[in-house]
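Participant: Okay, handing you the structure first.
2 protein chains.
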Amino acid sequence: MKRTTSAGILSIAALAVAALAGAGLNGAAEAQDKGPFANQIAARHGIMLYRAMNIGALGAMAKGEVAYDAAAAQKAADNLAAAAHLDDSMLWPEGSDNGAHAGTIALPALWADKAGFDAKYADFRAATEAMQGAAGQGLEALQAEMGKLGPTCGACHKAYRAPTN
Amino acid sequence: MKRTTSAGILSIAALAVAALAGAGLNGAAEAQDKGPFANQIAARHGIMLYRAMNIGALGAMAKGEVAYDAAAAQKAADNLAAAAHLDDSMLWPEGSDNGAHAGTIALPALWADKAGFDAKYADFRAATEAMQGAAGQGLEALQAEMGKLGPTCGACHKAYRAPTN
Numbered sequence: 016m017k018r019t020t021s022a023g024i025l026s027i028a029a030l031a032v033a034a035l036a037g038a039g040l041n042g043a044a045e046a047q048d049k050g051p052f053a054n055q056i057a058a059r060h061g062i063m064l065y066r067a068m069n070i071g072a073l074g075a076m077a078k079g080e081v082a083y084d085a086a087a088a089q090k091a092a093d094n095l096a097a098a099a100h101l102d103d104s105m106l107w108p109e110g111s112d113n114g115a116h117a118g119t120i121a122l123p124a125l126w127a128d129k130a131g132f133d134a135k136y137a138d139f140r141a142a143t144e145a146m147q148g149a150a151g152q153g154l155e156a157l158q159a160e161m162g163k164l165g166p167t168c169g170a171c172h173k174a175y176r177a178p179t180n
Numbered sequence: 016m017k018r019t020t021s022a023g024i025l026s027i028a029a030l031a032v033a034a035l036a037g038a039g040l041n042g043a044a045e046a047q048d049k050g051p052f053a054n055q056i057a058a059r060h061g062i063m064l065y066r067a068m069n070i071g072a073l074g075a076m077a078k079g080e081v082a083y084d085a086a087a088a089q090k091a092a093d094n095l096a097a098a099a100h101l102d103d104s105m106l107w108p109e110g111s112d113n114g115a116h117a118g119t120i121a122l123p124a125l126w127a128d129k130a131g132f133d134a135k136y137a138d139f140r141a142a143t144e145a146m147q148g149a150a151g152q153g154l155e156a157l158q159a160e161m162g163k164l165g166p167t168c169g170a171c172h173k174a175y176r177a178p179t180n
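These protein sequence lines map, in sequence, to chains S and W. Take 16 as the starting number for the first sequence in my numbering and just add one per residue. Take 16 as the starting number for the second sequence in my numbering and just add one per residue.
Okay, structure coming up:
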């Protein structure tokens, strides 16, 4: 009979964590170069990019740049809602603003007005749910929800993000 | 009676997309600097980091570095499973390997063995579901699943990722 000892389990767990640490790719190097929150900043940036890609797919249809495709629109909306609802609370530690770190354009205002940030974030999440219900229901439904979703992105960016150019 | 015209809706949609384009932060600049897939690479890197953070929280408990906390363990496992199940298929375009791009350590082998990659990815996703069922059920349950989850990370990293040091 083969048994896994407790020590064996811990050893496996340690290996697993060591393997995972590498998931940060050059995360450790980044952290050294860019400060203690480099991984949090890179993670939230990556998740924002993922959302932007999926909104981009919906927006291209809304604007008529790409032919409306109900299945593709639904998929993009599902992806967006899933990414919007990720618990990213650990990715916004106090002190990870653009005053302290070169790798972010998050303004200190985000932390100074955390309640406002949370409220605007909730609006965005709700808008992605509405989009999820509409995107597959026809171009006009998608366009109408895009007109509501966009401002929820802008509300946060305008208040808590440095201008991008 | 106030009506939103079709042109008005499209204008709002265009604004929304413009606002969102900025979600890439300096994504456009990155894309210019690092090649056409800089955003995909940054997005998948960020999502990997998010997963790693949550596995790290579970691993710290598994190793006894942090006291076991059922609620915290469950939250980390929920986060991990949600991030593992994101449809990230658009983040791995052909040609976004480390032979073509400096910003990634994904090996060409990933694309040469796409079926293998998909199978290993499915194993990882299944392991995160098992962890989700176990993490809140006690330290030993968490440790046992960590011993199964870790190798699913390692299987992909060993086959499709350049060594990190």
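Virtual Cβ for every residue (Gly too), placed ideally from N, Cα, C.
Could you tell me the boundaries of the alpha helix (DSSP H) in which N69/S lies?
Facilitator: From DSSP, the alpha helix (DSSP H) with N69/S extends over 53–77.
Participant: Report yes or no: do three or more beta-carbon pairs, one from the stretch 93–104 of chain S and one from the stretch 84–102 of chain W, lie closer than 8 Å?
Facilitator: Verdict: yes, contact present.
Participant: Contact check, R59/W vs W107/W under 8 Å by CB: the rounded distance?
Facilitator: The Cβ separation is near 7 Å, so the contact holds.
Participant: Name, please, each residue of chain W whose Cβ falls closer than 7 Å to the Cβ of Y83/S.
Facilitator: Near Y83/S there are no residues of chain W at all, since even the closest Cβ is about 12 Å away, more than 7 Å.
Participant: Just checking my contact of G148/S with A88/S at CB under 8 Å: how many whole Å lie between their CB atoms?
Facilitator: Not a contact, Cβ separation roughly 12 Å.
Participant: Reducing DSSP to helix, strand and coil, say where A117/S ends up.
Facilitator: The answer is coil: DSSP assigns A117/S none of H, G, I, E or B.
Participant: Cβ of A174/W less than 8 Å from any chain S Cβ?
Facilitator: False, the Cβ-Cβ gap to chain S never drops below 8 Å.
Participant: My assumption, with CB atoms under 8 Å, is that C168/W sits in contact with Y136/W. Please give the rounded CB distance.
Facilitator: That pair is no contact at about 11 Å.
Participant: Any residues in the stretch 64–82 of chain S with a beta carbon nearer than 7 Å to a beta carbon of chain W? Which ones, in chain order?
Facilitator: Here the close residues are L64, Y65, R66, A67, M68, I70, G71, G74, A77, K78.
Participant: Determine the direct distance from the alpha carbon of E155/S to that of K163/S, and round the result to whole angstroms.
Facilitator: Taking the straight line from one Cα to the other gives about 13 Å.
Participant: Tell me whether the beta-carbon of F52/W lies closer than 8 Å to the beta-carbon of G110/W.
Facilitator: Their beta carbons are under 8 Å apart, which means F52/W touches G110/W by this criterion.
Participant: Of the choices R176/W, P178/W, A159/W, A174/W, whose alpha-carbon is the least far from that of L73/W?
Facilitator: It is A159/W whose Cα lies nearest to the Cα of L73/W.
Participant: Which term fits R176/S, buried or exposed, when burial requires 16 or more other beta carbons within 10 angstroms of its beta carbon?
Facilitator: So R176/S ends up on the buried side.
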